[in-house]
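Numbering-wise (our numbering), the sequence shown opens with residue 18 and increments by one. The beta carbon of each residue, even a glycine, is placed where N, CA and C say it ideally should be. Structure, as structure tokens:
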Amino acid sequence: MWDVCTFDSDYGNTGWVGVNQCAGTTTGSHPNQVCSLAFVKYNTRFGVNSAKSLACEELGHSVGLRHRFTNLVSCMSQQGEDLIPHDTNHINANYP
């Protein structure tokens with residue numbers, strides 16, 4: 018059984034470069050909802066300026082991380098390419 022499946026393809030003029038879609042059952046409620054199977058898709062139509070940042074953000078969503086609208090630089094804030102301790106702690110607490 019897979020937890021996260023990633024795809025890259027030309028999905029057309031969708032307006033998105035990357036997307037995370039729940040393809041399985043969910044538990045919890047927003048913003049702490051967790052999906053048993055996530056599809057992470059990268060739209061090659063638009064190219065990717067920072068593939069590492071996009072991959073980190075979309076995979077972050079698949080494990081329950083949300084966008085950050087603070088001055089903390091992480092891949093969830095669109096200003097960085099790495100996870101910060103808060104994000105790592107969240108992942109470790111939910112996926113022992």
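Leaving out five residues before and five after Cys-22 in sequence, what residues of the same chain have Cβ atoms less than 8 Å from its Cβ?
-> Ala-40, Leu-54, Ala-55, Phe-56 and Val-57
Select from Cys-92, Gly-81 and Ala-68 the residue whose C-alpha is nearest the C-alpha of Cys-52.
-> Gly-81
Ser-79 to Ser-94, Cα distance in whole Å?
-> 16 Å
Using DSSP with H/G/I as helix, E/B as strand and the rest coil, what is Phe-86?
-> coil
Using 8 Å as the limit for Cβ to Cβ distance, is Asp-99 near chain D?
-> You won't find chain D in this structure, because it holds only one protein chain.
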